[in-house]
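Residue numbers (the numbering used here): 17 to 220.
Written as structure tokens, this is what we have:
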């Protein structure tokens, strides 16, 4: 798999970021879930969930797929929310800056086709509810990426595991001088942590 050169440099930068012991403890629950699925020879379905499915869950879906592919692990990476908005354009611009190739189809809530390698199928990213037909209906881990969704969705139908991995929302910096910096910072953090997760998996 030939990951795009700009993105390769971002991956190296993400791998070099320190991860605190506190965050590693949070991520260990996800590591254990993935390892169990590998050990049992079962399909791995990860559904990253936040309220609007517009920023953090989209970053997580994309980085989850890339990190798994980087470490040679086959997963299905999804995302969803509790209401439909759109994949925020600021977040889209951030992944473009990181070297992903992105094409767009539609208006309002467009579908974005996100490529990290010419050897792989694109990641299809758009805002949707967590139980949208595009996502796995059952046998998935619900990874709660924001506190609001985690606290207001006590039950996720079809989920066999519920794993909180919360991130701060870059939306707080919209329309400020720090906007691009904070979106990139959050994306890089998520990339770093997903790369760490899959680096810990023992393949059979």
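From the three backbone atoms N, C-alpha and C, an ideal C-beta is built for every residue, glycine too.
These figures come from a predicted structure and were not determined experimentally.
* Over the uninterrupted beta strand (DSSP E) stretch that includes residue 96, give me the two end residues. => In the chain shown, residue 96 corresponds to position 80, counting from 1. Residue 96 -> beta strand (DSSP E) spans 92–96.
* To do: Let me know the beta strand (DSSP E) ranges lying completely inside the segment 172–211, each 3 residues or longer, listed in chain order.
  => 175–180
* Determine contact between the segment 158–174 and the segment 103–110, defined as no fewer than three beta-carbon pairs at a distance below 8 Å. => no
* To do: Enumerate in chain order the residues of its own chain whose CB-to-CB distance from residue 118 is below 8 Å, with the five nearest sequence positions on each side excluded.
  => Numbered from its first residue, the chain shown carries residue 118 at position 102. Result list for residue 118: 108, 111, 112, 128, 129, 130 and 131, in chain order.
* DSSP three-state call for residue 33: helix, strand or coil? -> If you number the chain shown from 1, residue 33 lands on position 17. Coil at residue 33, not helix or strand.
* To do: Mind checking who residue 17 pairs with in its DSSP beta bridge?
  => Counting from one through the chain shown, the residue named residue 17 turns up at place 1. Residue 17 is not bridged to any residue.
* Validate contact between the segment 136–155 and the segment 32–49 using beta carbons, cut 8 Å, 3 pairs -> no
* Please list the segments of the alpha helix (DSSP H) lying wholly inside the segment 93–135, counting only runs of 4 or more residues, in order along the chain. => 105–113
* For residue 101, which residues from the same chain have a beta carbon less than 8 Å from its beta carbon, with the 5 sequence-adjacent residues on both sides left out? -> Residue mapping note: residue 101 aligns to position 85 of the chain shown, counting from 1. Excluding residues within five positions, the ones whose Cβ falls inside 8 Å are 68, 69, 70, 125 and 143.
* Beta carbon of residue 160 nearer than 8 Å to that of residue 65 -> Residue 160 sits at position 144 when you count from the first residue of the chain shown. Residue 65 sits at position 49 when you count from the first residue of the chain shown. The answer is yes: Cβ separation under 8 Å.
* residue 20 beta carbon less than 8 Å from that of residue 133 -> Taking the first residue of the chain shown as position 1, residue 133 is located at position 117. Taking the first residue of the chain shown as position 1, residue 20 is located at position 4. In this structure, residue 20 lies closer than 8 Å to residue 133 by Cβ.
* Could you check where the beta strand (DSSP E) with residue 85 kicks off and where it finishes? -> In the chain shown, residue 85 corresponds to position 69, counting from 1. From DSSP, residue 85 is part of no beta strand (DSSP E) but of the alpha helix (DSSP H) over 72–86.
* Spell out the partners DSSP gives residue 62 in its beta bridges. => Start at 1 with the first residue of the chain shown, and residue 62 comes out as number 46. Partner(s): 93 and 157.
* Tell me whether residue 141 sits in a helix, a strand or coil according to DSSP, three-state version. => On the chain shown, residue 141 is found 125 positions in, with the first residue counted as 1. Of the three classes helix, strand and coil, the one that applies to residue 141 here is strand, per DSSP.
* Asked: DSSP state of residue 219, grouped into three classes?
  -> Your numbering for residue 219 matches position 203 in the chain shown. Residue 219 falls in the coil class under three-state DSSP.
* Could you round the C-beta distance between residue 220 and residue 54 to whole angstroms and report it? I think they count as a contact, below 8 Å. => As a first step, residue 220 is located in the chain shown; it is residue number 204 there, counting from the start. As a first step, residue 54 is located in the chain shown; it is residue number 38 there, counting from the start. Contact flag correct, Cβ pair sits at about 6 Å.
* Please say whether residue 51 and residue 217 have beta carbons closer to each other than 8 Å? => Here residue 217 refers to the residue found at position 201 of the chain shown. Here residue 51 refers to the residue found at position 35 of the chain shown. Closer than 8 Å, so yes.
* **Reference residue 76; option with closest CA among 59, 57 and 46** => As a first step, residue 76 must be located in the chain shown, where it is residue number 60. Comparing Cα-Cα distances from residue 76 to each of 59, 57 and 46, the minimum goes to 46.
* Asked: So what's residue 67 in DSSP terms, helix, strand or just coil?
  -> As a first step, residue 67 is located in the chain shown; it is residue number 51 there, counting from the start. If DSSP states are grouped into helix, strand and coil, residue 67 belongs with coil.
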